[in-house]
Amino acid sequence: MEAVSTNQRALDRKNMFCLRLQTNYRARLGRRAMWRKRKLWVHARETRAAIVIQCAIRVHLAWKKVKRQRAMAQYLNFVGAMKPGGAKLDYEDALAHAAIKVQGAWRRKQAYKQARRMKGAKSYFTRIKGKYSNVSLDQIDDLAASKMQALWKGKKARRETTAMKATQKQLREERAAIMIQKMVRGRQTRKRMKQEMDQRKMRRLGGFFKNNCFLKCWMMWVKYTDEALHFKEVANRTLGRWLNRGLVRGFNALVMYAQAKKDKRIKVQKAALLIGKRDAGPRDKMWGYWADYMDDKRELWIQVQSKCSKFLHLLAADSASTAFQEWKEMTIKDRKAKKRRTHYKLFQGWKGWDQAMQEMRHFKAISETIKAKWKVSLLREGLYDFRGCIDDLLYNRSLVGDAILMWQNKMVIHAFRAVDEHAQTQIHYRKTVATFRRRYELRTVLPMIRGWHDWTSEKLERKRVANKAAFKLYSKMISTCLDIWVNIIRDRKLAEREMAAKGSKTLMRIAKRPMVVSFERWKNYSAEQARHRQIVARISYRWRNANVVLTFGNWVTFVDIAIEERLKMLKEAVMDAMRTGEFVSLMRTAKQQRRKYHRANLEDVMKQVLAEEHHQVEAMVQHHGLMNPALLNSFSRAGGGGGRDRSPPRA
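Take the sequence shown: its letter number 258 is residue 264 in my numbering, and every next letter is one higher.
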């Protein structure tokens, strides 16, 4: 049975994998079919648009060609009427004849303009010659161009000044708007923050009221736990004292001995102080008398000093003159500031000139310093070289002197070195012999010394261990007593706080702040864990149903494409109906989309088509300069030019 169940599970797993593979493959085939269909649809739309553009271009070219032919026919008729001999001209001869006529007309116009100019130029030339000396007729055009250029530059400068004023005004308005916006946003932000803080406080207060029963239960459990721990601690302490009663007696005796020794020391100190006071009694009395006398004198001196200081203050520090002087300085500063604001440009110019002069003086000083350094650089380098040569010469001379002295006294030096080496060798031998002799003399005592040293080391180590153990025991007992005392004080403080905050939940919450903070953190942690569990569950669901999610997404995309195609078909049908005035295609499309058709879709498509037609009509009217509103409305009522004549206009 187990083998059959195992084979059945393997077969089910295999079938499940095959089903998943088949689903994925069918989804891929569906996506490829949709992609191929969309590609064919896009290609058809592009081909249709290209055909429409090509037809429009061909119509436009034909219209231009017909217009050119009509204009040429009118021109030939005009030439035949004016000159009967020119009626038999062909197309190329007519173009050449028209070019010659245009060239002749242009030359006649230039000659006429030159004659008019020369006719009235004598007085103008005389006036210009009186104004400018040594001016020829050819330079008049240059003077006129210069004059026009100067006028144009002045006009441009005035225009730029006006634009700058407008820009400055706009900047001031923008700054004021930004300042107002900052103030409004700051006020709104403060109000929003205050509302958020109030909401947070109310949520906390609501949570406290909501969890009041739970808090009471928790407080009862905490109280029971504290009492149990306190009883356990008292029992442990009692058992410890009973088990270690010998150690406690020794420790109590030690404490009594230390207390008696401390009392004795205090009594000795008090006796020493009494003896010192008795010996120094006359001196202390004399010092007290002298201090009283100096106190009396000091009061008199303080009174004299205060009166003299007031008189000197009245003489030296005239408050009215000081205030007037400060007022005068302040008015001078205000006057300077007003003048600076009035003559701001002049002040800025002088300030810039002053800064430029300071920089020039600074650069001039730097250049003078550089020039001076350049002048003395060669001398400095020569002095440095001379000093180096002198140092080298002195060093070489000292080396030569040392070498000569060593060469002159080489025999003495060798003898001294030999004596020194012999002396060092003898000293080493004597130290070695003395050490060996001392060890030989103490050969019987050394084992005793080593044993004594080991015994003292072990004794010191035991003493250190005993002291450490005693200190640990002492510190443990002290820490235990301190912990008991701290717990008692803490319990009393908690009891006092609870009694004081018994009538107020807020004060109770403040008194139990650590527990409240712990519960809030636990609540936040629980919420975060729940959110994480939701995220993990969502991710696991999407991971388990990945194929379903992908298929649903593809289905949504397919539905969007189908809806777009229906709307486009409906739009084309509406445009065809508006253009031809027949509703056959529109009704056919509506019948094809009977189950998918909605009245809202048709209304939206109609609004969209009418808006596009209206925009096209407005663009054409603006392009051709037709700014008449009545004409624009007539075009709009006509359906955006549904009955426009596509034939080229007659010349």
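Glycine included, C-beta positions come from ideal geometry on N, C-alpha and C.
Check	Outcome
Reduced DSSP category for Lys197 - H, G, I as helix; E, B as strand; rest coil	helix
Given Arg210 as reference, the closest of Asn530, Leu616, Asp566 once Cα atoms are compared	Asn530
Exposure of Asp611, with buried meaning 16 or more beta-carbon neighbours within 10 Å	Sequence check: residue 611 is Val here, not Asp. When all chains shown are included, Val611 counts as buried.
Whether Val542 touches Arg548 by CB criterion (8 Å)	no
Coarse secondary structure for Asp96, derived from DSSP in three states	coil
Buried versus exposed, by CB contacts within 10 Å (16 or more), Glu52	exposed
8 Å contact criterion, which Val615 and Met581 should meet: CB distance rounded	6 Å
Buried/exposed call for Ala583, threshold 16 Cβ in 10 Å	buried
Collapsed DSSP secondary structure at Leu400 in the structure displayed	helix
Proximity test, Asp497 beta-carbon vs the ligand NAP heavy atom, cut-off 7 Å	Summarising the ligand content, the structure contains no ligands, and the ligand NAP is consequently not present.
Beta-carbon proximity of Met40 to Phe558, cut-off 8 Å	no
Terminal residues of the alpha helix (DSSP H) in which Asn658 lies	Because the chain is modelled from 7 through 657, residue 658 falls outside the range shown and cannot be assessed.
Simplified DSSP assignment, three categories, for Lys115	helix
Coil, strand or helix - Lys469 by DSSP	helix
Cβ-Cβ separation, Ala100 to Tyr81 (assumed contact under 8 Å), whole Å	7 Å
Where His620 falls: helix, strand or coil (DSSP)	helix
Buried versus exposed, by CB contacts within 10 Å (16 or more), Arg26	exposed
Assigned exposure category for Glu467 - 16 Cβ within 10 Å defines buried	exposed
As assigned by DSSP and simplified to three states, the class of Val451	coil
Classification of Leu17 by the beta-carbon crowding that lies within 10 angstroms, buried from 16 upward	exposed
Backbone CA spacing between Cys223 and Val492 [nearest angstrom]	26 Å
Unbroken alpha helix (DSSP H) run spanning His349, endpoints	First-last for His349: undefined, no H or E at that position.
Continuous alpha helix (DSSP H) stretch holding Gln540: start and end	519-550
Neighbour-count burial assignment, Thr595, 16 or more Cβ in a 10 Å radius	buried
DSSP-derived helix/strand/coil call for Asn560	helix
Secondary structure of Asn140, DSSP reduced to three states	coil
Asn13, DSSP secondary structure in three states	helix
Reduced DSSP secondary structure (H/G/I, E/B, other) of Asn21	helix
Selection from Lys474, Thr29, Trp359, Ala183 that minimises the alpha carbon distance to Ala552	Thr29
Unbroken stretches of the alpha helix (DSSP H), 4 residues or longer, contained in the region 186-269	218-249
Exposed unless 16 or more other CB atoms sit within 10 angstroms - verdict on Ala533	exposed
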